[in-house]
Amino acid sequence: MKRRDMLRSLVVGAAALPVATEALAALAGAPAAAAAPPASAPAASAPPPAAGPFSLPPLPYAYDALEPNLDAQTMQIHHDKHHAAYVNNLNKAVAGRKDVDGWTVERLVRDLAQVPEEIRTAVRNQGGGHANHTLLWTSLKKDATATPTGELAKAIDSAFGSFSAFGDKWSAAAMSVFGSGWAWLSAEPGGGVRIETTPNQDSPLTAGRVPLVGIDVWEHAYYLKFQSRRADYVAAFAKVVDWDAVSARYRDARKG
Ligand code: MN3
4 MKRRDMLRSL VVGAAALPVA TEALAALAGA PAAAAAPPAS APAASAPPPA
54 AGPFSLPPLP YAYDALEPNL DAQTMQIHHD KHHAAYVNNL NKAVAGRKDV
104 DGWTVERLVR DLAQVPEEIR TAVRNQGGGH ANHTLLWTSL KKDATATPTG
154 ELAKAIDSAF GSFSAFGDKW SAAAMSVFGS GWAWLSAEPG GGVRIETTPN
204 QDSPLTAGRV PLVGIDVWEH AYYLKFQSRR ADYVAAFAKV VDWDAVSARY
254 RDARKG
């Protein structure tokens, strides 16, 4: 390169910088970008402050606690970005709404039909996302108990014949979800359990049931590690379900 050309390219390079900075600033000011912190934000210990009644619960274990079944990077992005976005967007949806003031997220999702129509879709998606993911983190554990106990063990045997038969049906349900959604084990209002799937962030609460544990089959839950191998993800997920916590949840549901 001739010296003159080199100088020119240096000058062009320097001149390009302010342009790029301006473009980034414009992006940062756009509503979509403002909803989520930048990808380079420090990890999770400091989720963005919630301007509203709902806040992101901390992950109850380290990002890598569920390795090698669920990978640390997916856990971090799933909790710090995806769950955080549901919380922030739910706060935006209910901001200034006296008619749902003081409602818990479970009440918003369960009594969705009573939520004012203008915010019902946002509450269904963002409130569902917040409730579903809060349940998710507290359903998983490193070295988790392998099987349900007590009343839940009996209810599963009664509904499916055995825990193993339940596992096969639950996995099949998770595989059957078309697009984004969840496969649940839910408690029936009159006792007993069932497997069900919901699309998007819909919750069994809206149908009058109590979700006990759900597999998130949105691609964001597994694509980094498993890509299109959803069956491998479902099998890995099953190994870290905290059946003690899920059994306790069923006990609480039975008490009402
Ligand atoms: Mn998810």
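Taking my numbering, the leading residue of the sequence shown gets 4, the next gets one more, and so forth. Backbone N, C-alpha and C define an ideal beta-carbon position, used for all residues, glycine too.
Sub-9 Å separation of residue i and residue j beta-carbons
i, j, result
"residue 217", "residue 186", "yes"
"residue 88", "residue 132", "yes"
"residue 93", "residue 125", "yes"
"residue 245", "residue 150", "no"
"residue 155", "residue 215", "yes"
"residue 235", "residue 136", "no"
"residue 174", "residue 238", "yes"
"residue 56", "residue 105", "yes"
"residue 201", "residue 192", "no"
"residue 190", "residue 123", "no"
"residue 73", "residue 243", "yes"
"residue 59", "residue 90", "yes"
"residue 198", "residue 169", "yes"
Alpha-carbon to alpha-carbon, residue j and residue i
i, j, result
"residue 255", "residue 223", "30 Å"
"residue 101", "residue 213", "27 Å"
"residue 167", "residue 112", "31 Å"
"residue 247", "residue 97", "34 Å"
"residue 165", "residue 109", "30 Å"
"residue 205", "residue 184", "8 Å"
"residue 177", "residue 134", "19 Å"
"residue 15", "residue 203", "Only weak support exists for where residue 15 lies, its pLDDT of 40 falling under 50; the value from the coordinates is given anyway. Residue 15 and residue 203: Cα-Cα distance of roughly 47 Å."
"residue 35", "residue 118", "The predicted model places residue 35 with a pLDDT of 39, which falls under 50 and marks its position as unreliable, so this point remains unresolved."
"residue 233", "residue 179", "10 Å"
"residue 95", "residue 76", "27 Å"
"residue 70", "residue 259", "35 Å"
"residue 153", "residue 195", "13 Å"
"residue 121", "residue 209", "18 Å"
"residue 172", "residue 181", "16 Å"
"residue 231", "residue 211", "33 Å"
"residue 80", "residue 128", "19 Å"
"residue 78", "residue 225", "9 Å"
"residue 61", "residue 107", "18 Å"
"residue 221", "residue 188", "17 Å"
"residue 261", "residue 257", "What is shown of the chain runs 4 to 259, which leaves residue 261 out entirely."
Minimum Cβ-Cβ distance from residue i to chain C less than 9 Å
i, result
"residue 192", "Here chain C cannot be found, since the structure has a single protein chain."
Legend entry - the stretch 144 to 158 touching the stretch 63 to 78, judged by at least three CB pairs closer than 8 Å: yes
Legend entry - Residues surrounding ligand 1 [beta-carbon distance to nearest heavy atom under 6 Å]: Result: 81, 85, 136, 219, 221, 223 and 224.
Inset, instruction - Taking 8 Å as the threshold, find out whether the stretch 158 to 174 comes into contact with the stretch 69 to 88 through three or more Cβ pairs. - result: no
Inset, instruction - List in chain order: all unbroken beta strand (DSSP E) runs of 3+ residues lying wholly within the stretch 164 to 229. - result: Residue ranges of uninterrupted beta strand (DSSP E) with 3 or more members, entirely inside the stretch 164 to 229 and ordered along the chain, are 184 to 190, 196 to 202 and 213 to 219.
Legend entry - Those runs of the alpha helix (DSSP H) which lie wholly inside the stretch 88 to 144 and span at least 4 residues: 108 to 113, 120 to 125 and 131 to 140
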